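Visitor: The sequence shown: position 145 = 144 (numbering that gives the first Met the number 0), numbered continuously. Starting off with a structure, shown below.
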Amino acid sequence: MSVKVASDKSTKKVQSILNFTDNNIKKTITCTICEMTYNSKLPVDVDLHKKYHLEFTNGISWPNTLTPSNYLAQNFNLVVTETRPKLGKLKSIKAQNIVKARIIVIDKTNKRQIEKVDKILKMVNQELNATEDSKQWRNLNFKNSKAFVIVINNKAVGLCTTDTITEGKWMIFKNQKLVPNQTISGVKIGISRIWISPRWRQLGLGLKLLKFVTENSIYGQSLFKNQIAFSQPSSNGGKLAKSFNGVLHKSGEVLIQVYTEDV
Ligand SMILES: CC(C)(COP(=O)(O)OP(=O)(O)OC[C@H]1O[C@@H](n2cnc3c(N)ncnc32)[C@H](O)[C@@H]1OP(=O)(O)O)[C@@H](O)C(=O)NCCC(=O)NCCS
Ligand SMILES: [Zn+2]
C-alpha cells in the first residue's frame, strides 16, 4: 500500500512516517472466519476485508441475468428454523421461514458463469488452505465433470465442483488415515470442492447438493451414493462424507470414500 507523503521534508516528519509504516506491519491480522489477511490499521484494507467477509459469509452476488428463469435448474424450498432471543418477559421463540432456493449446473461455454465460479473457488481454497483444483469442471473434454451452484435471493451460497474418476480409496473417518492395499472400483464422480457459505451451513444444503450431483452428473443415469468419492476431505467435509455415504466397517470404524485429485 502506498502512503501519500506531505511535501514538507523536515527530518521529524520523515521519521514519523517511518514509524507509521513500522506500526502497520505489526497490525497484519488474519480473520479466523474468512481467512483473509489484512492490515487493520489501513482503512483501505479494512474496507476490502469488510466487503470480502460479507460476501464470504452471506454469499456472492448472482444476478438473475446470469441464469434466466428458463435455465435448467432444480427449485426447492428450504425450511429455516430460527430461534429468536427472549424479549423482556417474553420467552424465546422458534420461527420457521421458507426460503426459495435453486441448484444450477454451470454452462461451460458461459464466460460470466465461469468467472463467478472462479471467484467462489478462490474463497473456498483460501478457507480450506487448499491448492488449485483440477479444473475439470470447466474443461469441455470432461463432459461429466461439472460445477453446481446453489442460489438463494440472488446470491451464490453453495458450490460443488466435480472430477471424473475410476478409482477410490477408503479413509478411516476417525484419524483420516488411508486403508492400505485396498482400492474401490466402480466410483464415477469425485467431489473436488464442496462449500456452503457460513450463514447457510448445517441446514442440509451440503447433502442436497450431493444428491443433485448423483442425479445430474452423467446424462440419463442416476448414480448410487457409493459411486461418489471425496478429494482430501476437511474436518467438516469428512462429517458430510460420513453422513452421505460413510460405511460402518466390521472393525467398528466408519470408512469414507476418497480419491486423489489430478492437479
Ligand atoms: C462441509 C460443508 C460443505 C457442509 O455443508 P452443510 O450444508 O453444512 O452440510 P449439511 O447441513 O448438509 O450437513 C450434512 C451432515 O454433515 C454433518 N456435518 C456437516 N457439518 C458439520 C459440523 N460442522 N458439525 C457436525 N456435523 C456436521 C452432519 O452429520 C450433517 O448431518 P445431520 O443433518 O445429521 O446433522 C460446509 O461445512 C463447508 O462448506 N465447510 C467449509 C468447506 C469445506 O470444508 N468443504 C469440504 C471440503 S472436502
Ligand atoms: Zn473475515
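Glycine included, C-beta positions come from ideal geometry on N, C-alpha and C. None of the values given here were measured: they were computed from a predicted structure.
1. Residue 232: buried (16+ other C-beta within 10 angstroms of its C-beta) or exposed?
2. Leaving aside the five residues before and after residue 60 along the sequence, list all residues of the same chain whose C-beta is less than 7 Å from its C-beta, in chain order.
3. Which same chain residues, not among the five before or five after residue 243, have their C-beta less than 7 Å away from its C-beta?
4. Applying the criterion that 16 or more other CB atoms from any shown protein chain within 10 Å of the CB defines a buried residue, is residue 48 buried or exposed?
5. Whose CA, out of 160, 151, 92, lies closest to the CA of residue 131?
6. Give me the Cα-Cα distance between residue 82 and residue 179, rounded to the nearest whole angstrom.
7. Going by the C-beta, is residue 263 closer than 8 Å to any heavy atom of ligand 2?
8. How about residue 102 and residue 141: are their beta carbons less than 9 Å apart?
9. In the DSSP assignment, what residue or residues form a beta bridge with residue 96?
10. Distance, Cα to Cα, residue 148 vs residue 230?
11. Does any heavy atom of ligand 2 sit closer than 8 Å to the C-beta of residue 59?
12. By a C-beta neighbour count over all protein chains shown, 10 Å radius and 16 as the cutoff for buried, is residue 14 buried or exposed?
13. Quick check: residue 58 and residue 192, are their CB atoms within less than 9 Å of each other?
14. Is it buried or exposed for residue 11, if we count other Cβ within 10 angstroms and need 16 for buried?
15. Below 7 Å CB to CB, which residues in the same chain sit around residue 122 once its five sequence neighbours on both sides are set aside?
16. Counting pairs of beta carbons, one from the region 82 to 91 and one from the region 33 to 50, are three or more of them closer than 8 Å?
17. I'd like to confirm the pairing. Which residues does DSSP put opposite residue 103 in its beta bridges?
18. Could you tell me whether any non-hydrogen atom of ligand 1 is closer than 8 Å to the CB of residue 214?
19. Measuring from the CB of residue 179, is there a heavy atom of ligand 1 at a distance below 8 Å?
20. If contacts are defined as beta-carbon pairs under 8 Å, then residue 98 and residue 151 qualify, I think. What distance do you get, rounded to the angstrom?
21. How is the beta strand (DSSP E) around residue 191 delimited, first residue to last?
Guide: The answer reads as follows:
1. buried
2. 153, 154
3. 206, 209, 224
4. Answer is buried; the Cβ neighbour count reaches 16.
5. Comparing C-alpha distances from residue 131 to each of 160, 151, 92 shows the shortest one belongs to 160.
6. Each residue's Cα considered, the two are about 46 Å apart.
7. In the structure as shown, the chain begins at 0 and stops at 262. Residue 263 is therefore absent and cannot be evaluated.
8. no
9. 79
10. Distance between residue 148 and residue 230, taken at the CA atoms: about 18 Å.
11. Checking every heavy atom of ligand 2 against the Cβ of residue 59, none is found closer than 8 Å.
12. Caution is warranted here: a pLDDT of 46 is assigned to residue 14, below 50, making its placement in the model unreliable, and the coordinate value is therefore given only provisionally. Looking at its Cβ environment, which holds fewer than 16 other Cβ atoms inside 10 Å, residue 14 is exposed.
13. no
14. No answer about residue 11 holds up, because its pLDDT of 43 lies below 50 and its placement is not dependable.
15. 55
16. no
17. 72, 148
18. No heavy atom of ligand 1 is found nearer than 8 Å to the CB of residue 214.
19. no
20. 6 Å
21. Boundaries of the beta strand (DSSP E) harbouring residue 191: 188 to 195, taken from the DSSP string.
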